[in-house]
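Novice:
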Amino acid sequence: MTLHTIMPLEAVWEKQREADSSAEVRIQGVLMEVRPLDFHRVQIVRLLDGPLDSYLNPAYTPGQIIQFVPPS
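Numbers in the numbering used here are just positions in the sequence shown, counted from 1, shifted up by 230.
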């Protein structure tokens, strides 16, 4: 990867060092990246895979908060 920027490298990569608490889960056949908020609630970061119509579903819009109970 080649990166052409006038920004200092420290500014470009500072977020890279932070721990990312996101996880990948499959809900109703849609694979998505989510960020845990609290007990059984997650925020959708982005959709990764699923039926094409799921990308148009407002319930799966990035930023939406949904209920998620991990399988035991």
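Idealized CB from N, CA, C, for every residue including glycine. Predicted model only: the values in this text are computed from it and were never measured.
1) So for V242, helix, strand or coil by DSSP?
2) So, helix, strand or coil for D268, using DSSP?
3) Is the stretch 288–297 in contact with the stretch 271–279, if contact means three or more CB pairs nearer than 8 Å?
4) Please report the straight-line C-alpha distance between A197 and I257, rounded to a whole angstrom.
5) Just tell me which of P266, L239 and L233 has its CA closest to the CA of A253.
Specialist: This is what the structure gives:
1) DSSP places V242 within a helical segment (H, G or I) once states are collapsed to three.
2) It is a strand residue.
3) They touch, by the three-pair rule.
4) As displayed, the chain neither begins before 231 nor continues past 302, which places residue 197 out of reach and without an answer.
5) Nearest option by C-alpha distance: P266.
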